[in-house]
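Below you'll find the structure, written out as structure tokens, and then a few comments.
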Amino acid sequence: MTLLPWIVACAGQEPDVEGTGSTGGSEAGDGTEHGDTASTDQADGSSDDGASSSDTADTADTDDTGEPPAAGPDRVGIFSAAHNYYELDVEGGPLRFHFGAENSRWGAATLPVAGDFDGDGFDTVGRYDPLARRFHLADDNDSDELSPRGQVHAIVGVPPAPAVSGEQPAELPVAGDWDGDGADGVGVYHPGTHTFHLLDDPASGQASWEVVLDPAEGYPELGWPVAGDFDGDGDDEGGLFAAGTAYIADDLQGGPPALTLSIGGTVALAGDFDDDGIDTLAGFDVATNTFEWLHHNGAGAATESLSFGHAEPGFWAWAPLTGRWQVPAQPVARDGYAWQEGDPADHGLDGAQLLAALDDAASLADVLGVLVVRHGTLVAERYYHGYDRNIAGNIKSVSKGMLSALYGIALDEGIFASVDDPVAQHLPEYFAELSPAKQQIRLGDLLTMRGGLEWNEGPGYVSGGMVAAPDFCRFVLELPLVETPGTVFEYSTGLTHVASAALTESSGDTTREFARARLLEPLGISTPRWDLSPEGYFVGGAEVWMRPRDMARLGQLYLEGGTLDGQAVLTPEWVELSANPWIPEASGRTYGVWWRERPWASYPAQDSYFAWGYGGQFIFLFPSWDLQVVVTSKWNVSGTASGAAATAIFAFVDQQLLTAVQD
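Shown next as structure tokens:
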């Protein structure tokens, strides 16, 4: 059991009702990447079955005797509200994963919870959105796909929270075993009324108990909720924490505090850290990412402390959690593809200049990682702002380059007869009642973003547009037809999502299954997370998570003409078609099949092209030099920040990295 309050002020985060995506900048205007300005969300999570062998970390279901493994003591963890990223302290860990999606409906106001929601003896993570008033509880802490499945429960039977003064949120989540049945329920605490509304069954949405901790009885006027089994009777008690002291009630009763405990830190929580069946109080210092917990709930109790996880105010913005985390059955390989590494000087690069450029990249506020690959060898790799090669990031529209590869494979296999196939042929249910003019939209029109449908990438993609719709495909295809299909380019993540749906229906595999079997596993890489749309298709052209080294592996496939390590994955013709700058954009650049021509005239002529994702995700390819550069950046940023990041990255690559090339 654990309670996980999230202090917005201490973490340097302001609640963001609409998330932190763009509201629709264009490349022609402010330099922002079109599209993928928010993630999708779905009730059952976003993972698919399985992963590449390099990314396997199934959790143990039984020990060597065939019995369920012992749960063991509680351990700590941290959570990033900005990216819904969890890092748990496990034996052989840390265990890192994402749960759910960061988008306009799960923004920076998200609050974490954790508990044993199914009564199996192990705690899983979850989150609470105080704006939509719903819990999203994971079924397990699955590091295999980094995005476990879960269930969404709205608290429909709990009255709205009255506003409170100051920086404290008006509604805070709790989790605990309120009735001693071995399974945790959830609840919310309303500081404005000093009331806990506790749900034994989260699926019901109805409060089973209401407990008032009245300041007149000795509780603080404003406090942060804490819950745990402080007396070892099997039922969890609730209480409030303020100014270094926790005031614990007797079970689910009101009345004066039955127990007062003191601990350092800005946030209080509880856990059974010595596995004796009794929870003790713990504190967490947001500034230092340090946990401190009591050895027992008595006067003069000794404390123990542990610093854990990343800390960077304003970006990772960690919040604490505790629980009995199930330990992975085998070590987790998290680094991405195992590249051959070499000295820059051995590959025609000025090593000193290259290293100086990587040092300078630390001043680029939003850049998280830079990789340079020459002649198939990783010659430079640097990470910033607490990021590392273990962490998979949202590659945003870089995933359009991957989807392009999938279409090349599907056409080569005959899954599609040609790019002239009507989309209606592959999605007949969606087109059954559409106009004859829309029936003329071809696969090639999706590939070249000339579908003719009305679209403004910013509003069309973020909240109020496609991602707020119950069916992404239907939303896109029912938009007005404003141009003859095949005639006018308009950048549209809506069209690439329709392309993903068409691939799923025609291949018989989900887009992710198709990608894994034909592209990802042959390259030795994985997509730890890939979001699903509400209608059940993996999002096309956005919301794919990948490690930087794996991004470079995808780039290397294109650099080598579609054949890598002797394995033909793409035809040379498809690689050439994808990179060929033949579709004009309003920005002045040209577009291939979801890859772009060089961003500036000073880049190597004719044969440089790149994949570009919102926030500053890039794969730059320079075939004549047998060179690629991968840049990853913070993805949950404003449109203005995204545009500024892109401009800075273009200049950095052009003026500092490329000038290191000596042959």
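When we follow the numbering used here, the leftmost residue of the sequence shown carries the number 45, and every step to the right adds one.
We put the beta carbon where it would ideally sit given N, CA and C, even for glycine.
Since we're looking at a predicted model, the values are computed, not measured.
**OP:** Starting from Ile453, trace the alpha helix (DSSP H) both ways and give me its first and last residue.
**Re:** By 1-based counting over the sequence shown, the position of residue 453 is 409. That run of the alpha helix (DSSP H) goes 442-457.
Original post:
Contact check, Gly659 vs Gly502 under 8 Å by CB: the rounded distance?
Top reply: Here residue 659 refers to the residue found at position 615 when the sequence shown is read from its first residue. Here residue 502 refers to the residue found at position 458 when the sequence shown is read from its first residue. That belief does not hold up - the Cβ atoms of Gly659 and Gly502 are roughly 14 Å apart, past 8 Å.
Original post:
Cα separation between His197 and Thr154?
Top reply: In the sequence shown, counting from the first residue as 1, residue 197 sits at position 153. In the sequence shown, counting from the first residue as 1, residue 154 sits at position 110. Each residue's alpha carbon lies about 14 Å from the other.
**OP:** Output the distance between the C-alpha atoms of Trp674 and Arg119, rounded to the nearest integer angstrom.
**Re:** Here residue 674 corresponds to residue number 630 of the sequence shown, with the count starting at 1. Here residue 119 corresponds to residue number 75 of the sequence shown, with the count starting at 1. The question names Trp, yet the displayed sequence has Val at residue 674. Cα to Cα, the separation comes out at about 36 Å.
Original post:
Looking only at C-alpha atoms, which of Ala405, Asp465, Phe335 sits nearest to Ile693?
Top reply: As a first step, residue 693 is located in the sequence shown; it is residue number 649 there, counting from the start. Of the listed residues, the one whose Cα sits closest to Ile693 is Ala405.
Subject >> Buried/exposed call for Ala331, threshold 16 Cβ in 10 Å >> reply: Residue mapping note: residue 331 aligns to position 287 of the sequence shown, counting from 1. By the 10 Å Cβ count, Ala331 comes out exposed.
Subject >> Contact set for Arg591: own chain, Cβ-Cβ below 6 Å, skip 5 residues either direction >> reply: Taking the first residue of the sequence shown as 1, we reach residue 591 at position 547. These residues qualify, in order along the chain: Gly380, Ala436.
**OP:** Can you check DSSP and say which residues form a bridge with Thr347?
**Re:** As a working note, residue 347 is residue 303 in the sequence shown. Secondary-structure assignment with DSSP links Thr347 through a beta bridge to Leu338.
**OP:** Express the C-alpha separation of Thr554 and Ser677 in angstroms, rounding to a whole number.
**Re:** Reading the sequence shown from its first residue, position 633 is the one you call residue 677. Reading the sequence shown from its first residue, position 510 is the one you call residue 554. Their backbone Cα atoms lie some 28 Å apart in a straight line.
Original post:
Based on the DSSP secondary-structure assignment, which residues constitute the bridge partners of Glu281?
Top reply: Indexing the sequence shown from 1 puts residue 281 at position 237. Looking at the DSSP assignment, Glu281 forms a beta bridge with Gly272.
Original post:
What is the rounded straight-line gap between the Cα of Phe141 and the Cα of Thr528?
Top reply: As a working mapping, residue 141 is identified with position 97 in the sequence shown. As a working mapping, residue 528 is identified with position 484 in the sequence shown. Within the model, the alpha-carbon separation for Phe141 versus Thr528 is close to 44 Å.
Original post:
Ordered along the chain, which non-local residues of its own chain (more than five positions away) have a Cβ less than 8 Å from that of Arg556?
Top reply: The sequence position of residue 556 within the sequence shown is 512, counting from 1. For Arg556, where only same-chain residues beyond five positions count, the Cβ hits under 8 Å are Asp92, Thr571, Trp574, Phe582.
Original post:
Do Val414 and Leu402 have their C-beta atoms closer together than 8 Å?
Top reply: The residue you call residue 414 lines up with position 370 of the sequence shown. The residue you call residue 402 lines up with position 358 of the sequence shown. Taking 8 Å as the Cβ cut-off, Val414 and Leu402 qualify as a contacting pair.
Subject >> Where Phe694 sits in the DSSP three-state scheme >> reply: The residue labelled residue 694 in the question sits at position 650 within the sequence shown. Phe694 falls in the helix class under three-state DSSP.
Subject >> Buried versus exposed, by CB contacts within 10 Å (16 or more), Asp410 >> reply: Sequence index remark: in the sequence shown, residue 410 carries index 366 (1-based). Flag for Asp410 reads buried.
Subject >> Proximity of Pro514 and Asp318 at Cβ, strictly below 8 Å >> reply: Numbered from 1 along the sequence shown, position 470 holds the residue referred to as residue 514. Numbered from 1 along the sequence shown, position 274 holds the residue referred to as residue 318. In this structure, Asp318 does not lie closer than 8 Å to Pro514 by Cβ.
Original post:
Hey, would you say Phe123 sits closer than 8 Å to Ala363, going by beta carbons?
Top reply: Start at 1 with the first residue of the sequence shown, and residue 123 comes out as number 79. Start at 1 with the first residue of the sequence shown, and residue 363 comes out as number 319. Yes. Within cutoff.
Original post:
Which one of Ile439, Phe654, Pro156, Trp222 has the shortest CA to CA distance from Ile663?
Top reply: The sequence position of residue 663 within the sequence shown is 619, counting from 1. Out of Ile439, Phe654, Pro156, Trp222, Phe654 has the C-alpha closest to the C-alpha of Ile663.
Subject >> First through last residue of the beta strand (DSSP E) which encompasses Ala289 >> reply: Reading the sequence shown from its first residue, position 245 is the one you call residue 289. Ala is not the amino acid found at residue 289; the sequence shown has Thr there. It spans 289-292 - the beta strand (DSSP E) in which Thr289 sits, taken as one unbroken run.
Subject >> Per DSSP, cross-strand counterpart(s) of Glu254 >> reply: For the purposes of this step, residue 254 is taken as residue 210 along the sequence shown, with counting starting at 1. According to DSSP, Glu254 bridges with His241.
Original post:
Are the region 556-570 and the region 419-431 in contact at 8 Å, needing three or more beta carbon pairs?
Top reply: Too few Cβ pairs lie closer than 8 Å, so no.
Original post:
What separation, rounded to the nearest whole angstrom, lies between the Cα atoms of Asp173 and Phe274?
Top reply: What you label residue 173 is simply residue 129 of the sequence shown in a count that begins at 1. What you label residue 274 is simply residue 230 of the sequence shown in a count that begins at 1. One C-alpha to the other measures close to 28 Å.
Original post:
How many whole angstroms separate the CB atoms of Arg426 and Arg593, which I take to be in contact at a CB cut-off of 8 Å?
Top reply: As a first step, residue 426 must be located in the sequence shown, where it is residue number 382. As a first step, residue 593 must be located in the sequence shown, where it is residue number 549. Actually they are not in contact, since the Cβ atoms of Arg426 and Arg593 sit about 13 Å apart, beyond 8 Å.
Original post:
In terms of DSSP beta bridges, what is Ala219 paired with?
Top reply: Taking the sequence shown and counting its residues from 1, the one referred to as residue 219 is at position 175. Answer by DSSP bridge pairing, in chain order: Val230.
Original post:
Where does the unbroken alpha helix (DSSP H) through His541 begin, and where does it stop?
Top reply: Locating residue 541 in the sequence shown gives position 497, counting from the first residue. Here the alpha helix (DSSP H) through His541 covers 537-551.
**OP:** Look at Ile307 and Glu336 and say whether their C-beta atoms are less than 8 Å apart.
**Re:** Mapped onto the sequence shown, residue 307 falls at position 263. Mapped onto the sequence shown, residue 336 falls at position 292. Yes, these two residues count as a Cβ contact at 8 Å.
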